[in-house]
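Report on the following structure.
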Amino acid sequence: MSEWRANLHPARCAQCHAEYLVTPNAGAPLCPNCFGARLEPMPTLAHDIPPELFVPFSAADATLNANLTRWLREIPFRAPSLNERDLRARLTRVFLPMYLADTRVAGTWQAQLGFDYLVASSQERYNAGQWMTQRLNETRIRWEPRAGEISRAYENVDAPALEQHARIMSALGDAERRSSETSLQLPFDTTRAIPFSTDALKGALMRAAEMNPEAAWNFARAQVERRAAKDCTNAASAQHYEQFEMRVTYAEPRWTLLLLPMFVTSYLDDDGKWIPVRVNGQTGFVSGTQRASLKQARRWTIIIGALTLLVFLFTALVAFATLRVSGLAPFAGIFLVITFLLLLAAFVPMIVVWQFNRSPKK
Amino acid sequence: MNSAPLASTSLIPESFTRVESKLDGITVYAPPPRVEQIPQAQNFKCPNCGATTAFDPRAGSVTCTNCGSHYAIHAQRVGQNANQFEFTLDVVNSTPRGWGSTRRDLHCENCGATTSVAPTELATTCPFCGSNRVAARTAVPEAFQPRYIIPFKIERAECAARARAWLQRGWFYPRDLVNVAYSAQFTGIYLSFWTFHAVVNTQWRAQVGYERRENYFDVHDMKFKTRTVIDWRWEQGTIAVPFENQLDTATSHIPAPLLERLEPFDLDALVTYNPAYLAGWRAQTYEISLNDAWDAARARMREHARTQAFNQIDSKHVRNFSVNAAFDDEAWRLLLLPVFLTTYRYRDKIYQLVINGQTGKVAGDKPIAWLQVWLLVAALVVPGILVAGVGLIFARNGALFLAGGILVVLGALIAVAILQRVMKASAA
Numbered sequence: 149m150s151e152w153r154a155n156l157h158p159a160r161c162a163q164c165h166a167e168y169l170v171t172p173n174a175g176a177p178l179c180p181n182c183f184g185a186r187l188e189p190m191p192t193l194a195h196d197i198p199p200e201l202f203v204p205f206s207a208a209d210a211t212l213n214a215n216l217t218r219w220l221r222e223i224p225f226r227a228p229s230l231n232e233r234d235l236r237a238r239l240t241r242v243f244l245p246m247y248l249a250d251t252r253v254a255g256t257w258q259a260q261l262g263f264d265y266l267v268a269s270s271q272e273r274y275n276a277g278q279w280m281t282q283r284l285n286e287t288r289i290r291w292e293p294r295a296g297e298i299s300r301a302y303e304n305v306d307a308p309a310l311e312q313h314a315r316i317m318s319a320l321g322d323a324e325r326r327s328s329e330t331s332l333q334l335p336f337d338t339t340r341a342i343p344f345s346t347d348a349l350k351g352a353l354m355r356a357a358e359m360n361p362e363a364a365w366n367f368a369r370a371q372v373e374r375r376a377a378k379d380c381t382n383a384a385s386a387q388h389y390e391q392f393e394m395r396v397t398y399a400e401p402r403w404t405l406l407l408l409p410m411f412v413t414s415y416l417d418d419d420g421k422w423i424p425v426r427v428n429g430q431t432g433f434v435s436g437t438q439r440a441s442l443k444q445a446r447r448w449t450i451i452i453g454a455l456t457l458l459v460f461l462f463t464a465l466v467a468f469a470t471l472r473v474s475g476l477a478p479f480a481g482i483f484l485v486i487t488f489l490l491l492l493a494a495f496v497p498m499i500v501v502w503q504f505n506r507s508p509k510k
Numbered sequence: 066m067n068s069a070p071l072a073s074t075s076l077i078p079e080s081f082t083r084v085e086s087k088l089d090g091i092t093v094y095a096p097p098p099r100v101e102q103i104p105q106a107q108n109f110k111c112p113n114c115g116a117t118t119a120f121d122p123r124a125g126s127v128t129c130t131n132c133g134s135h136y137a138i139h140a141q142r143v144g145q146n147a148n149q150f151e152f153t154l155d156v157v158n159s160t161p162r163g164w165g166s167t168r169r170d171l172h173c174e175n176c177g178a179t180t181s182v183a184p185t186e187l188a189t190t191c192p193f194c195g196s197n198r199v200a201a202r203t204a205v206p207e208a209f210q211p212r213y214i215i216p217f218k219i220e221r222a223e224c225a226a227r228a229r230a231w232l233q234r235g236w237f238y239p240r241d242l243v244n245v246a247y248s249a250q251f252t253g254i255y256l257s258f259w260t261f262h263a264v265v266n267t268q269w270r271a272q273v274g275y276e277r278r279e280n281y282f283d284v285h286d287m288k289f290k291t292r293t294v295i296d297w298r299w300e301q302g303t304i305a306v307p308f309e310n311q312l313d314t315a316t317s318h319i320p321a322p323l324l325e326r327l328e329p330f331d332l333d334a335l336v337t338y339n340p341a342y343l344a345g346w347r348a349q350t351y352e353i354s355l356n357d358a359w360d361a362a363r364a365r366m367r368e369h370a371r372t373q374a375f376n377q378i379d380s381k382h383v384r385n386f387s388v389n390a391a392f393d394d395e396a397w398r399l400l401l402l403p404v405f406l407t408t409y410r411y412r413d414k415i416y417q418l419v420i421n422g423q424t425g426k427v428a429g430d431k432p433i434a435w436l437q438v439w440l441l442v443a444a445l446v447v448p449g450i451l452v453a454g455v456g457l458i459f460a461r462n463g464a465l466f467l468a469g470g471i472l473v474v475l476g477a478l479i480a481v482a483i484l485q486r487v488m489k490a491s492a493a
C-alpha cells in the first residue's frame with residue numbers, strides 16, 4: 149500500500165467501475181458517479197498515483213443554496229425527494245483527479261502567421277445633393293510564412309485523468325478565465341491550488357485516476373502545441389496563426405496529479421432511479437438532469453378531476469332544480485362552464501410534465 | 066512518469082533568414098525580403114565606343130547614337146496584371162524612391178514644371194510652356210519609384226508628319242497653321258499617371274413615384290374626368306460598381322482634358338520599370354500627390370456609382386434620393402506613359418500639342434480662323450436677305466420675299482450649327 153494513502157481505502161463501483169479512495173468511517177456509500185451501486189472495497193487501485201495539489205472547496209453556503217434553489221425552481225411538479233433540504237442532506241464531497249504536465253520543448257516550427265495592418269478607406273454618403281465623406285481605417289491581415297527554433301519550458305499543462313473528464317468539466321460550468329488562457333477549458337481557477345495533504349480528504353471521497361500519464365500525454369501535447377503556437381506568434385510580432393507545425397522533442401516531463409472539488413447529490417425519479425446532481429465545489433455551479441415527476445402530475449390531475457366531477461354533479465342538481473325554479477337556469481349555465489374549464493385544467497399537469505421531460509435539461 | 070520523445074528534423078527552409086524575435090527561447094526565420102528591382106545608377110554610355118546611348122522605340126532597345134550598337138533592356142511584360150498597392154497607412158513612407166539612374170531635374174521658372182533629364186542634356190526649353198527660363202535643381206526627394214512603364218513606340222521623327230496631318234484637319238483653322246509643324250521641336254517625355262482600382266458598394270434609398278390614371282367627378286363641369294396621379298413609395302437597392310485601371314494624370318502642367326484626349330493607352334504593354342527606357346528621353350515625376358489624385362478619382366467614382374444607382378430606378382419621378390457608398394479593395398499604381406510634347410507660337414500666342422507616344426494619337430490646341438468662320442456665316446445668311454429684300458422692295462413679289470425668308474432661316478440654322486462646332490473646338 150502506498151504511504152500517502154495509509155488511512156484511505158480503495159473502493160470500486162461494481163456498475164460503472166469508477167474507483168475511489170474512501171475514509172475508513174465512510175461505510176459503503178452509493179457511487180457518486182452513477183448512483184447505481186454501492187462502493188465495494190478493493191485491494192488496490194489500477195493507477196496508484198499520489199496527488200500533489202488540490203483546489204479546496206470554497207463555494208459559500210449562501211451561493212450553494214441560491215444556486216440549488218434556482219436550479220430547482222426550473223423544474224415543475226418535482227418528485228418528493230427533489231427538494232433543497234434533501235439535496236443538501238445528500239451532498240457528498242468528491243475530489244476529481246486531473247494531471248498537470250511540465251515539459252521542455254526543443255525543435256523547430258513553421259506556420260502561416262497573420263499580421264494586422266491598417267488600410268485607409270472611406271465611406272461616402274450622398275444626401276440632399278451633397279456628399280459627406282467619412283474616413284475609415286480598416287484592419288486587414290497579411291499572411292506570411294515563418295519558421296524558427298523553439299526551446300522553451302511549459303508548465304502546468306492540463307491533461308485529463310478520467311475518461312469522462314471533458315463531459316464532467318463541461319457540466320461544472322463555464323471555463324474560468326485564468327485557467328482557459330493557458331489550458332483546457334476548465335471551470336476551476338487552478339491558480340488557487342494548494343499542496344495536497346490527506347487531511348483534505350476528511351469527509352470526502354477521492355476519485356482515482358483512470359488514465360496513466362502516458363495515455364494523457366496526447367491531450368497534454370495538444371495543449372503544449374497550442375501554447376507554443378501562441379508563443380511563436382508573439383515572438384514574430386504577429387497576431388494570428390494557422391497551419392502551425394512543430395517538429396520537437398519533449399524533454400524533462402514531469403506530471404502532477406491535481407484534485408478538483410465537486411459536490412455530488414441525487415434525487416429519486418418516478419422509476420426509483422437515482423439521478424445525480426453535480427455542484428462545482430469552487431463556484432457553486434449546479435448541473436444535473438432535471439426531470440419532472442409524472443406521478444406528481446398524475447396526482448394533481450386526479451385531484452382536479454375529482455373536483456370536476458363534484459362540480460359536474462352539483463351542476464346536474466342545479467339543472468334539475470331549474471325544472472321547478474326557472475330563475476336558477478343562469479347558475480346552471482355558469483356551473484357548466486366552470487365544469488368545462490376544470491376538465492381542461494385537469495390535463496394541464498400531465499401536458500406540462502410531458503413537455504418538460506421531452507427535452508430534459510442538464 | 067515519462068513521455069515518448071519525437072525525432073527533431075528542421076522545419077526551417079534554407080532560404081529563410083533570421084529576423085527579430087520578441088520572446089526568449091524562440092527564434093524566428095522569414096523568407097528573404099523581396100528586393101525591389103531598383104537598378105543601380107547608370108549613365109548609359111556605350112560600352113563599345115563610350116558615346117551616349119538612347120532608347121530606340123523602333124528597336125525596343127538602347128542604341129548607341131555613334132556606333133549603332135544595340136543593348137537589350139531586361140524588363141518583364143506585366144500588362145494589366147501589374148501589381149497594385151493598397152492604401153496602407155505606411156505605404157507612402159515605405160515606397161522606394163528615386164529614378165534609379167543618374168538624372169537631374171530641370172525646373173521651369175515660367176510655369177513651374179519639373180522635368181527629369183539625363184545629366185548630359187543641355188535642356189534650355191521647357192517642353193510644357195516653351196519658356197527658356199529653365200534651371201537645374203536637385204531631384205524631388207519624396208518621389209515614388211516608378212514601377213511600371215509603357216515604352217515609346219512612336220519615333221520622334223514621325224511626330225512632325227502626324228502633327229501636320231492633325232493641324233491640316235478642319236477648315237476653320239488658319240491655312241498657314243501647318244507650317245508650324247515643320248519648325249516644331251517635339252520632346253519625348255514619360256509622364257507620370259496614377260491608376261486606381263476600387264469597388265464601390267452602393268446602397269441607395271429614394272421615394273419613387275409611379276403614375277396612375279384615375280377617374281374623378283368634376284363638380285364644376287358636372288362630369289367624370291380622368292387625371293394622372295403619382296403614387297410615392299420608398300424603395301431601396303444595392304449595386305457594386307467596379308473600377309479598374311482608372312487613369313489619372315499626375316502632372317499639373319498639361320490640362321487633364323488634353324491628356325484625356327490622348328487616351329486610350331494600351332496598358333497590356335506595361336513592363337516593369339527599367340531606367341534604360343528613359344535613356345535619351347525626358348521623364349516627369351508626379352506633381353499631383355497620391356492623396357490628391359485619389360481624392361479626385363474617388364469623387365469621380367462615387368458620382369459614377371450614384372448615377373448607376375439612380376439608373377436602377379424605373380421611374381422618372383424620384384425624390385429624397387440618398388446613397389451610401391462604401392469603397393472596397395482600393396488600390397493604386399504609379400505608371401510612366403510616353404507622350405511627345407511641343408508648343409508652338411502662332412500670332413504671339415502659345416499653343417500646346419501632345420502626341421500619344423504609344424499609339425500616335427494627336428491632341429492639342431489650335432487657333433480658330435475667325436475671319437473664315439464669319440465669312441462663311443455671312444455667305445450663308447446674306448443671299449437669303451438679298452432675295453427677300455429684292456422681293457420686298459423691287460419686285461413687290463410675295464413669293465420672292467417668302468423664298469428669301471426661307472433662305473435666311475436655313476442659312477441661319479446652318480450657321481448656328483457651324484458656330485457651335487467651332488466654339489466647341491475652340492473650347493477644347
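Sequences listed follow chains Y and V, in order. One gets the numbering used here by counting positions in the first sequence from 1 and adding 148 to each. One gets the numbering used here by counting positions in the second sequence from 1 and adding 65 to each. Here a beta-carbon is modelled for each residue, glycine too, at the ideal position from N, C-alpha and C. It should be emphasised that the depicted structure is a prediction, and the values quoted were computed from it without experimental measurement.
### Message
My output table needs one value for H135 of chain V: the three-state DSSP class, helix, strand or coil.
### Response
strand
### Task
Leaving out five residues on either side along the sequence, give the residues of the same chain with a beta carbon under 7 angstroms from the beta carbon of T344 of chain Y.
One detail in the question is off: residue 344 of chain Y reads as Phe in this sequence, not Thr. The residues are P199, E200, L201, F202 and L407.
### Message
For a quick check, are the C-beta atoms of E393 of chain Y and A259 of chain Y less than 8 angstroms apart?
### Response
yes
### Message
Using a Cβ distance threshold of 8 angstroms, determine whether the region 300 to 313 of chain V contacts the region 251 to 264 of chain V, with at least three qualifying pairs required.
### Response
yes
### Query
DSSP on Y274 of chain Y, reduced to helix/strand/coil?
strand
### Task
Could you pull out every residue in the same chain whose Cβ sits closer than 8 angstroms to the Cβ of W422 of chain Y, ignoring the five residues on either side in sequence?
L178, F183, G184, S414, Y415 and L416
### Message
Between which residues of its own chain and A377 of chain Y is the CB-CB distance below 6 angstroms, once the five residues before and five after are set aside?
### Response
Y389 and F392
### Message
So, at 8 angstroms on beta carbons, what are the nonlocal neighbours of N215 of chain Y in its own chain, with the 5 sequence-adjacent residues on each side left out?
### Response
V427, G432, F433 and V434
### Query
Along chain V, which residues have their Cβ under 9 angstroms away from the Cβ of D379 of chain Y?
L88, G90 and I91
### Query
Taking 8 angstroms as the CB-CB limit, is T256 of chain Y close to chain V?
yes
### Task
Reducing DSSP to helix, strand and coil, say where S248 of chain V ends up.
helix
### Message
Within a Cβ cutoff of 7 angstroms, which residues of the same chain sit near R439 of chain Y, ignoring the five residues on either side of it in sequence?
### Response
D417, I423, N505 and P508
### Message
Out of V:D283, V:L256 and V:Y213, which one is the CA nearest neighbour of W346 of chain V?
### Response
V:L256
### Task
Locate the beta strand (DSSP E) running through S435 of chain Y, then write down its first and last residues.
V434 to G436
### Query
With burial defined as no fewer than 16 other Cβ atoms inside 10 Å of the residue's Cβ, what is the status of Y213 of chain V: buried or exposed?
buried
### Message
Here's the rule I'm using: 16 or more other beta-carbon atoms within 10 Å means buried, otherwise exposed. How should C132 of chain V be labelled?
### Response
exposed
### Task
Just mark E358 of chain Y as buried or exposed, buried being the case when its beta carbon has 16 or more other beta carbons within 10 Å.
buried
### Task
Measure the CB-CB distance between G422 of chain V and V446 of chain V and report whether it falls below 8 angstroms.
no
#### Entry: is_contact[Q260 of chain Y, chain V] using C-beta, thresh 8 angstroms
no
### For T456 of chain Y, the three-state DSSP class (helix, strand or coil)
helix
### Query
Which bits of chain V does E540 of chain Y rub up against, with CB to CB less than 8 angstroms?
No answer is possible for residue 540 of chain Y: the residues shown for chain Y start at 149 and end at 510.
#### Entry: Length-filtered (3 minimum) beta strand (DSSP E) runs lying within the region 425 to 456 of chain V
427 to 429
### Message
Spatial neighbours of H195 of chain Y within its chain, please: C-beta separation below 6 angstroms, excluding the five flanking residues on both sides.
### Response
A357 and N360
### Query
Quick one: is A391 of chain V near chain Y, going by C-beta distance under 8 angstroms?
yes
#### Entry: Within-8 angstroms CB hit, S328 of chain Y to chain V
Legend: pLDDT at S328 of chain Y = 43, less than 50; position of this residue unreliable, value from coordinates given subsequently. Not an interface residue.
### Message
Can you give me the C-alpha to C-alpha distance between E151 of chain V and V396 of chain Y, rounded to a whole angstrom?
### Response
38 angstroms
### Query
Are the beta-carbon atoms of F237 of chain V and I433 of chain V separated by less than 8 angstroms?
yes
### Query
Counting contacts by CB-CB distance shorter than 8 angstroms, is F74 of chain V in contact with chain Y?
Before going on, a small fix: residue 74 of chain V reads as Thr here, not Phe. It does; some Cβ of chain Y falls within 8 angstroms.
### Query
My guess is that V487 of chain V and M366 of chain V are in contact by the Cβ rule of under 8 angstroms, so how many angstroms apart are they, rounded?
34 angstroms between Cβ atoms; not a contact.
### Message
From the DSSP secondary-structure annotation, give me the bridge partner or partners of W259 of chain V.
### Response
V:D313 and V:L399
### Task
Report buried or exposed for H318 of chain V, applying the criterion of at least 16 other Cβ atoms within 10 angstroms of its Cβ.
buried
### Query
Between T153 of chain V and chain Y, is there a C-beta pair that is closer than 8 angstroms?
yes
### Query
Taking one C-beta from the region 299 to 314 of chain Y and one from the region 244 to 251 of chain Y each time, how about it: are there three or more such pairs within less than 8 angstroms?
yes
### Message
Measuring only the C-alpha atoms, how far is L334 of chain Y from W257 of chain Y?
### Response
28 angstroms
### Message
Counting only C-beta atoms, is V264 of chain V closer than 8 angstroms to chain Y at any point?
### Response
no
### Task
Give the residues of chain Y in contact with E395 of chain V, contact being defined as C-beta atoms less than 9 angstroms apart.
V267, A268, S269 and S270
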